[in-house]
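When you line the sequence shown up against the UniProt record's numbering, it's residues 1 to 503, in that order.
Beta carbons: idealized from backbone N, C-alpha and C, even for Gly.
As the structure is a prediction and not an experimental result, all values here were calculated from the model.
As structure tokens, the structure follows; a few thoughts come after it.
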Amino acid sequence: MNRNLDPPIRLLYAADSAEDDEFYRVLERQPDFSAVGFSHEKTLDHVISADCVVVRHGTGVDGIAVLETVRERYPDLPVVLLGPDDGVLASRAIAANVSEFVPFAGEDSPTYLVERVRSAVAAGPRDNCPQLSIEAIGVREKFQLKERAIEEAPVGITISDAEQPDNPLIYINDAFEKLTGYTKEETIGRNCRFLQGDESDPGAVAAMREAIDREESVSVELVNYRKNGETFWNEVDIAPVRNETSETTNFVGFQTDVTARKEAELELKREQQRLEHLLTRIEGLLQDVHSDLVQAVSRADVESAVCERIAAEDPYEFCWIGVPDLSHDTIVATAQAGAWSPDNAVLDIDLTTDSADISPIVETYETECAQVIDDPNDLAVIVENVPSTVGDADCKAVATIPLVYRETLYGVLIVCTTEEDALNEREAVVLEALGRATATAINALERERIIVADSVVELDFEMRDLFSSTSPLDTAPMSSTTDRSIERTGRCSCSLRLISIWH
Ligand SMILES: Cc1cc2nc3c(=O)[nH]c(=O)nc-3n(C[C@H](O)[C@H](O)[C@H](O)COP(=O)(O)O)c2cc1C
1 MNRNLDPPIR LLYAADSAED DEFYRVLERQ PDFSAVGFSH EKTLDHVISA
51 DCVVVRHGTG VDGIAVLETV RERYPDLPVV LLGPDDGVLA SRAIAANVSE
101 FVPFAGEDSP TYLVERVRSA VAAGPRDNCP QLSIEAIGVR EKFQLKERAI
151 EEAPVGITIS DAEQPDNPLI YINDAFEKLT GYTKEETIGR NCRFLQGDES
201 DPGAVAAMRE AIDREESVSV ELVNYRKNGE TFWNEVDIAP VRNETSETTN
251 FVGFQTDVTA RKEAELELKR EQQRLEHLLT RIEGLLQDVH SDLVQAVSRA
301 DVESAVCERI AAEDPYEFCW IGVPDLSHDT IVATAQAGAW SPDNAVLDID
351 LTTDSADISP IVETYETECA QVIDDPNDLA VIVENVPSTV GDADCKAVAT
401 IPLVYRETLY GVLIVCTTEE DALNEREAVV LEALGRATAT AINALERERI
451 IVADSVVELD FEMRDLFSST SPLDTAPMSS TTDRSIERTG RCSCSLRLIS
501 IWH
């Protein structure tokens with residue numbers, strides 16, 4: 001196209017002193033340009049008759065101020081800004097919607113300016129995306145990078161307009177959409193409180209309200225609701241954004257889903273409360289059992305008191321004590337208490353069968369180790385071996401606790417619960433402590449018997465397998481006219497005591 005046939009491009013050149021300006025002189029020489037130079041104040045008076053304004057930023061001219069004023073009055077007029085390539089000016093120019101930014105960058109700059117002026121005018125009315133010189137592209141990329149970083153950040157980012165009534169959202173990023181399930185269309189223009197619901201902590205909402213009213217930063221964690229109604233723990237950080245005159249124009253908010261951490265914290269708190277409850281309960285139970293044990297005058301007293309106390313305690317349902325009766329190769333029930341009341345006889349366990357393989361009670365008797373049985377198959381064995389004690393459906397776990405004092409096993413304490421997961425390791429520790437206290441009390445009573453006995457013959461000898469489960473010796477009565485018995489005090493290397501008390 002031959003420019004000379006077209007009307008010239010009317011240029012207004014705003015500079016401190018246009019006549020001495022090498023850029024102005026180059027523009028002036030262009031046959032298709034009709035350039036007039038003014039000081040910046042005068043430029044504004046003539047803008048109406050221009051096709052393009054070129055502003056030289058520098059001494060005496062605030063290029064950005066001129067650009068902003070022109071924009072206010074003539075939003076579509078091309079404005080080219082000339083200035084130092086310091087990054088800051090270009091950024092401000094972009095923010096003020098410059099058409100072209102041409103940096104002072106060496107000898108080619110005037111020629112380059114001519115090209116950019118032609119290009120700005122040819123582009124017609126200014127669109128919202130300023131055309132930048134090659135040199136300024138780095139600045140634009142920085143902007144785009146920031147924009148992408150915000151858009152693609154892994155946390156929700158929201159911006160509200162504090163100058164509009166009720167502080168509505170004017171921007172949300174992709175992560176906010178993913179986090180909440182609400183789209184941009186459903187969100188923009190609304191106050192962010194639409195995420196709150198019944199479970200949102202009013203204290204946290206008040207903290208946000210007060211901080212926003214005071215134009216201060218705030219961080220809270222509260223329950224919010226996704227679009228599908230699901231709740232999540234939202235860590236919300238809000239900060240005011242101020243303009244050059246320190247007025248708060250916007251708020252920026254960051255939303256982070258902290259549900260996993262919050263649930264772990266809450267579970268820890270619940271666990272602490274459970275532990276505190278357990279400790280209080282154990283303390284009470286141990287105190288009660290100990291005072292019963294101290295008052296007991298016979299082994300039968302001890303056993304029934306222990307069973308009564310344990311069965312009365314939540315979550316225990318039923319408990320009994322099985323004591324070896326080796327003269328009949330049986331573990332016989334000597335005390336029981338709780339929700340069921342089977343005949344003692346049905347609780348007995350025959351030791352002649354190879355029951356150690358199948359009954360956890362016999363196994364505890366053999367190994368002197370406590371067990372908690374909650375596996376349904378193992379439970380079925382106990383229920384099957386102890387018919388009519390508990391129904392399969394009711395019994396969720398059984399603990400078998402040896403009653404051992406030093407090397408002497410006095411029996412097995414069996415505790416049943418109908419509560420799922422109630423008999424855990426901690427409960428087993430409590431029951432083991434009770435088992436030891438019971439065995440100690442039984443031992444003390446047995447020793448008392450020895451002290452009041454008319455005669456005690458103690459034989460020490462070593463024998464293998466004498467006290468296996470099939471041994472007839474444990475505490476065996478000898479005669480009805482005397483309270484005379486043989487008592488074993490060890491398992492392999494043993495003592496026998498012959499205790500006789502004449503009636
Ligand atoms: C930028 C910004 C982001 C916000 N993000 C959330 C949010 O994610 N969840 C929320 O419950 N409240 C959020 N709020 C707070 C609410 O919008 C509102 O300020 C709060 O509920 C207190 O005001 P109100 O008592 O009038 O509801 C945000 C506020 C601002 C300004």
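Can you give me the C-alpha to C-alpha distance between residue i and residue j, rounded to a whole angstrom?
i           : j           : result
residue 549 : residue 154 : Because the chain spans 1 through 503 in this model, residue 549 falls outside it and cannot be assessed.
residue 322 : residue 271 : 34 Å
residue 174 : residue 151 : 6 Å
residue 531 : residue 429 : What the structure shows of the chain is the stretch from 1 to 503, and residue 531 is not part of that stretch, so it cannot be assessed.
residue 311 : residue 296 : 18 Å
residue 20  : residue 243 : 37 Å
residue 100 : residue 213 : 40 Å
residue 424 : residue 279 : 14 Å
residue 64  : residue 220 : 40 Å
residue 290 : residue 399 : 20 Å
residue 134 : residue 232 : Below a pLDDT of 50, predicted positions are generally treated as unreliable, and residue 134, at 46, falls in that range; the measurement from the model is reported next regardless. Roughly 47 Å between the two C-alpha positions.
residue 420 : residue 274 : 15 Å
residue 23  : residue 163 : 42 Å
residue 217 : residue 43  : 44 Å
residue 395 : residue 416 : 7 Å
residue 444 : residue 364 : 23 Å
residue 147 : residue 181 : 22 Å
residue 215 : residue 191 : 16 Å
residue 104 : residue 61  : 15 Å
residue 200 : residue 362 : 55 Å
residue 15  : residue 39  : 5 Å
residue 158 : residue 197 : 19 Å
residue 264 : residue 258 : 10 Å
residue 71  : residue 226 : 42 Å
residue 407 : residue 370 : 15 Å
residue 93  : residue 230 : 45 Å
residue 13  : residue 35  : 7 Å
residue 352 : residue 262 : 56 Å
Look at the Cβ atom of residue i, then the Cβ atom of residue j, and state whether they are nearer than 8 Å.
i           : j           : result
residue 305 : residue 318 : no
residue 79  : residue 55  : yes
residue 89  : residue 52  : no
residue 205 : residue 222 : yes
residue 188 : residue 211 : no
residue 252 : residue 241 : yes
residue 442 : residue 410 : yes
residue 98  : residue 67  : yes
residue 113 : residue 82  : yes
residue 33  : residue 8   : yes
Taking buried to mean at least 16 other C-beta atoms within 10 Å of its own C-beta, is residue i buried or exposed?
i           : result
residue 427 : buried
residue 298 : exposed
residue 224 : buried
residue 307 : buried
residue 29  : exposed
residue 57  : buried
residue 48  : exposed
residue 446 : buried
residue 245 : exposed
residue 294 : exposed
residue 185 : exposed
residue 37  : buried
residue 346 : exposed
residue 334 : buried
Less than 8 Å between CB atoms is the rule here; does residue i satisfy it with respect to chain D?
i          : result
residue 55 : The structure shown contains no chain D; it holds only a single protein chain.
Under the criterion of a Cβ to heavy atom distance below 7 Å, does residue i qualify as lining ligand 3?
i           : result
residue 200 : Of the ligands this structure carries, namely ligand 1, none is ligand 3.
Does the distance between the C-beta of residue i and the nearest non-hydrogen atom of ligand 1 fall short of 7 Å?
i           : result
residue 318 : no
residue 232 : no
residue 255 : yes
residue 242 : no
residue 258 : no
residue 155 : no
residue 587 : In the structure displayed, the chain extends from 1 to 503; residue 587 sits before or after that span and is not available.
residue 191 : yes
residue 196 : yes
residue 278 : no
residue 119 : no
residue 61  : no
residue 212 : yes
residue 224 : yes
Okay, do the segment 310 to 330 and the segment 367 to 384 touch, 3+ Cβ pairs below 8 Å being the bar? For the pair of segments examined, the segment 310 to 330 was found not to touch the segment 367 to 384: the number of CB pairs separated by less than 8 Å stays below three.
Is there contact here, the segment 396 to 412 with the segment 433 to 440, by at least three beta-carbon pairs under 8 Å? A contact exists between the segment 396 to 412 and the segment 433 to 440.
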